[in-house]
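Enquirer:
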Amino acid sequence: MKKAALIFVLFFCINQVSAQNNIEKLLISGVNDAKTFAKSYITPGAESLMYSMNSGWYKTAKVHKPLGFDISLVASGHFVNNADQSFDLNVSDYENIRFEDGSQSKQVATVFGENTPSVSVISRVEENGLNQDIEILLPNGVSSKGVDVLPTAFLQAEVGLFKSTEIKVRYFPKTNIEEVESEMIGFGIQHEITSWLPLGRVLPVDISGLVAYNQLDTQFDFSGDVALRGENQRLELDAETWLFELIASTKLPIINFYGGLGYISGNSDLDLKGTYIIEANIFNQERVLTDPFTVNNDISGLRATVGAKLKLGFFGLNADYTFQEYETISVGIHFGFR
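Below is the structure:
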């Protein structure tokens with residue numbers, strides 16, 4: 056499978072990744088083995104994607120007045136940690152694979168890592184009582200292409216609706232680049248709590264609450280670019296997340312500081328779709344697999360954000376850092392009227 060480590064990595068850096076993968080070739084060992092490997096291989100990428108999708112939702116606790124608005128271009132990045140780059144492949148967790156040197160387990164690359172040197176497994180295929188051993192080269196990840204930061208960007212708009220409340224919409228336009236079709240949309244509502252407090256005007260900070268939802272749909276069509284024959288071969292990724300956050304920010308005229316404490320939850324499904332023809336040299340027999348498996352990932356946890364905002368008339372700049380299971384940095388440029 057060329058041109059990608061996996062579909063969510065393509066969403067982040069489609070122009071940076073061009074890796075040869077053999078995920079689908081592991082189907083030779085059986086659906087269970089392929090799914091077990093895929094789960095370990097992609098989990099760091101799927102989870103970091105869901106955490107990164109929730110960056111940049113706010114830059115102040117102060118909401119817009121009715122019909123006040125701003126439009127932002129937000130970019131964020133997740134720094135790949137060493138712990139995310141490999142996992143322990145133990146052959147006891149698999150039905151039909153082993154290491155040629157007899158090792159019980161080895162550290163092998165995740166979607167973020169690189170196998171140096173290359174790592175192969177031996178798959179034993181049984182047909183009509185006869186065994187055949189097939190060597191499968193395990194895939195590398197984005198580190199093999201020198202990628203240490205996984206970036207993403209999107210447009211975001213905020214509009215004041217009524218007293219102390221604004222809505223937010225963010226969008227990553229539907230694109231189709233090198234057989235990858237991606238689209239992300241998100242909605243949020245932020246309410247300023249201090250506007251209802253008797254002493255809200257004299258407090259040194261504004262306080263508000265935020266609820267936000269993100270959804271990502273991506274499809275990678277790799278028909279004709281895989282090790283196994285078949286039709287309509289593709290990966291489909293669906294991910295959605297919820298964010299609940301309490302926000303505070305200062306009330307200074309030009310430079311302000313903000314922070315938040317929140318809770319995030321989400322889930323993703325990565326589906327291997329299409330038909331895959333498994334060939335065995337013994338008696339030239341074939342097996343056809345259709346839509347072989349789905350890999351599900353769930354996240355939940357607390358997070359904390361700290362940031363700063365610079366106001367330059369109608370324009371502004373902001374940057375923040377979020378402490379969570381997969382830490383992210385976010386920067387934005389925005390234009391609007393409060």
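Numbering (the working numbering) for the sequence shown: 56 to 393. The C-beta atom is built at its ideal place from N, Cα and C for all residues, glycine as well. Just so you know, these numbers come straight off a predicted model, no measurement behind them.
Just to confirm the assignment, what range does the beta strand (DSSP E) spanning Asn-352 have?
Expert: By 1-based counting over the sequence shown, the position of residue 352 is 297. Taken as a continuous stretch (DSSP letters only), the beta strand (DSSP E) holding Asn-352 covers 348-367.
Enquirer: Which complete beta strand (DSSP E) runs does the stretch 112-184 hold, if anything under 3 residues is left out?
Expert: 124-134, 141-145, 160-164 and 175-182, all fully within the stretch 112-184.
Enquirer: What distance in whole Å lies between the Cβ atoms of Glu-295 and Gln-270, which are believed to be in contact at a cut-off of 8 Å?
Expert: Stepping through the sequence shown from its first residue, residue 270 is reached at position 215. Stepping through the sequence shown from its first residue, residue 295 is reached at position 240. Their Cβ separation, rounded to whole angstroms, is 5 Å, which keeps Gln-270 and Glu-295 in contact under 8 Å.
Enquirer: Sorted by chain position, which residues of the same chain lie with C-beta nearer than 6 Å to Ser-178's C-beta, five sequence neighbours on each side aside?
Expert: By one-based count along the sequence shown, residue 178 stands at place 123. Around Ser-178: Ile-83, Ser-84, Asn-151, Ile-152, Ile-189 and Ile-191.
Enquirer: Would you list the one or two residues that DSSP bridges to Lys-223?
Expert: As a working note, residue 223 is residue 168 in the sequence shown. For Lys-223, which the question treats as bridged, DSSP gives the partners Glu-213 and Gly-243.
Enquirer: What does a CB cutoff of less than 7 Å around Arg-358 pick up in its chain, not counting 5 residues either side in sequence?
Expert: What you label residue 358 is simply residue 303 of the sequence shown in a count that begins at 1. Only Gly-317, Ile-319, Thr-377, Phe-378 and Gln-379 meet the Cβ criterion.
Enquirer: Using DSSP with H/G/I as helix, E/B as strand and the rest coil, what is Ile-310?
Expert: Walking along the sequence shown from the start, residue 310 turns up at place 255. Strand at Ile-310.
Enquirer: Helix, strand or coil, according to DSSP, for Asn-287 in the structure here?
Expert: The sequence position of residue 287 within the sequence shown is 232, counting from 1. Coil, per DSSP.
Enquirer: Tell me whether Gly-100 sits in a helix, a strand or coil according to DSSP, three-state version.
Expert: Here residue 100 is taken as the residue at index 45 of the sequence shown, counted from 1. Note: Gly-100 maps to helix in three-state DSSP.
Enquirer: DSSP three-state call for Ala-374: helix, strand or coil?
Expert: Along the sequence shown, read from residue 1 onward, the residue named residue 374 stands at position 319. In the structure shown, Ala-374 sits in a strand (DSSP, three-state: E or B).
Enquirer: Just the C-alpha distance for Glu-334 and Ser-158, rounded to the nearest angstrom, thanks.
Expert: Position 279 of the sequence shown, counting from 1, holds the residue named residue 334. Position 103 of the sequence shown, counting from 1, holds the residue named residue 158. Distance between the alpha carbons of Glu-334 and Ser-158: 27 Å.
Enquirer: Cβ of Trp-112 within 7 Å of Cβ of Ala-363?
Expert: Walking along the sequence shown from the start, residue 112 turns up at place 57. Walking along the sequence shown from the start, residue 363 turns up at place 308. The answer is no: Cβ separation not under 7 Å.
Enquirer: Which word fits Val-195, buried or exposed, when buried means at least 16 other C-beta atoms lie within 10 angstroms of its C-beta?
Expert: Indexing the sequence shown from 1 puts residue 195 at position 140. First, the amino acid is wrong: residue 195 is Asn here, not Val. The residue is buried, with at least 16 neighbouring Cβ atoms inside 10 Å.
Enquirer: Note down, in chain order, each residue of its chain lying with its Cβ closer than 6 Å to the Cβ of Gln-245, except the 5 sequence neighbours on either side.
Expert: The sequence position of residue 245 within the sequence shown is 190, counting from 1. Excluding residues within five positions, the ones whose Cβ falls inside 6 Å are Val-118, Glu-221, Ser-263 and Leu-265.
Enquirer: What do you get for Phe-167, buried or exposed, if any count of 16 or more other CB atoms within 10 angstroms of its CB means buried?
Expert: Counting from 1 along the sequence shown, the entry for residue 167 is found at position 112. That one is buried.
Enquirer: Considering Tyr-381, what are the terminal residues of the beta strand (DSSP E) in which it resides?
Expert: Residue 381 sits at position 326 when you count from the first residue of the sequence shown. That residue, Tyr-381, is in no beta strand (DSSP E); it is neither H nor E in DSSP.
Enquirer: For Glu-382, tell me which candidate among Leu-104, Asp-88 and Phe-154 has the shortest Cα-Cα distance.
Expert: Here residue 382 corresponds to residue number 327 of the sequence shown, with the count starting at 1. Closest option to Glu-382, Cα to Cα, is Leu-104.
Enquirer: According to DSSP, simplified to helix, strand and coil, what is Ser-107?
Expert: Along the sequence shown, read from residue 1 onward, the residue named residue 107 stands at position 52. Helix at Ser-107.
Enquirer: Under the DSSP definition of a beta bridge, which residues are partnered with Val-266?
Expert: As a position in the sequence shown, residue 266 is number 211, starting the count at 1. Its beta-bridge partners are Ile-244 and Phe-299.
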